[in-house]
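Okay, structure first, notes after.
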Amino acid sequence: MGALPVPIELSSVQTIGATLGAEAKTGGLIAGIVGLAAVALFLIIRYRLAGLIAVITLALYIAMMLSTFKVFGVVLTAAGVAGFILSIGMAVDANVLIFERLNEELQDKSKSLRQAIEDGFSRAWPSIRDGNLSSLITGVILYWIGTSLLRGFSVTFIIGIIISVISAVFVTRTALLAISGSVTKRSWLMTTTFKGTSANNK
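If you count by our numbering, then the sequence shown holds residues 18 to 219, one letter each, in order.
Quick look at the structure:
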């Protein structure tokens, strides 16, 4: 009762093996590595010395993430790989915000290089804080109401957000401040030509 009088014919059958998840996971890892290499190249070309520091910080970030997964026994599924890669993007975004603010501060010749770095970080921090906080809330909601697949994504995403803030804000800031005394030209930090100055101005 209630069935439609429509003939149903089996047109095709597909068998999905256990290797599908492994292939998706491997493909995600390869895509992440290629994307990370492209981002690293962009950071170095665009931000020079600061970009190189950001790449080193990203490498440290990835090592911290993998160590955290190992310590807490996080299983890196295909969805987890997606969350991991997305969190790397958040870390890169934080560095870009910092460097663009730093670029603006470097144009003020009345400030020392160290002061420009400190001001750049302090003014970029509200945007980084709000952006990561909203992402963190989203990750918590996904874990709370989501399925097991979404939980695998949200766990790696939440861990990645927390570590990305630590690496981008504290590690990058410390490294830039450490080299501020040895940098002789501001143009070494950025490729942008500063207003009212030449590329060789200090």
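Ideal Cβ placement from N, Cα and C applies to all residues, glycine included.
Task: C-beta contact flag for S184 and M107 at 8 Å - done: no
- [ ] State whether the segment 108-116 contacts the segment 73-89, with contact taken as three or more CB pairs (one from each stretch) at a distance under 8 Å.
- [x] Here the segment 108-116 lies against the segment 73-89, with 3 or more beta-carbon pairs under 8 Å apart.
Open item on the list: Using C-beta distances below 7 Å, list every residue in its chain close to R168, excluding the 5 sequence neighbours before and after it, in chain order.
Closed with: Y160
- [ ] Indicate whether I134 and L114 have their beta-carbon atoms separated by less than 8 Å.
- [x] no
Task: Cβ-based burial, T164 [other Cβ within 10 Å; buried from 16] - done: Classification of T164: exposed, given that the 10 Å Cβ count is below 16.
Open item on the list: For G156 and I175, which I take to be in contact (beta-carbon distance under 8 Å), what is that distance rounded to the nearest angstrom?
Closed with: 4 Å
- [ ] Determine the contact status of L193 and I70, defining contact as a CB-CB distance below 8 Å.
- [x] yes
Task: Own chain residues within Cβ distance below 7 Å of R140, not counting five before or after - done: R118
TODO: May I ask you to report which of helix, strand or coil DSSP gives V200?
DONE: coil
Task: For V88, three-class secondary structure by DSSP - done: DSSP places V88 in the helix class (H, G or I) of the three-state scheme.
- [ ] Specify the secondary structure class of Q124 as computed by DSSP and reduced to three states.
- [x] coil
TODO: Return the CA-CA distance between S101 and A54, expressed in angstroms with no decimal places.
DONE: The sequence as given places Phe at residue 101; Ser does not occur at that position. If you take the alpha carbons of F101 and A54, they lie about 15 Å apart.
Task: R146 classed as buried or exposed, judged by whether at least 16 other C-beta atoms fall within 10 angstroms - done: Result: exposed.
Open item on the list: Residues in the same chain with beta-carbon distance under 7 Å from S152, minus the five sequence neighbours each way, listed in chain order, please.
Closed with: M107, I178
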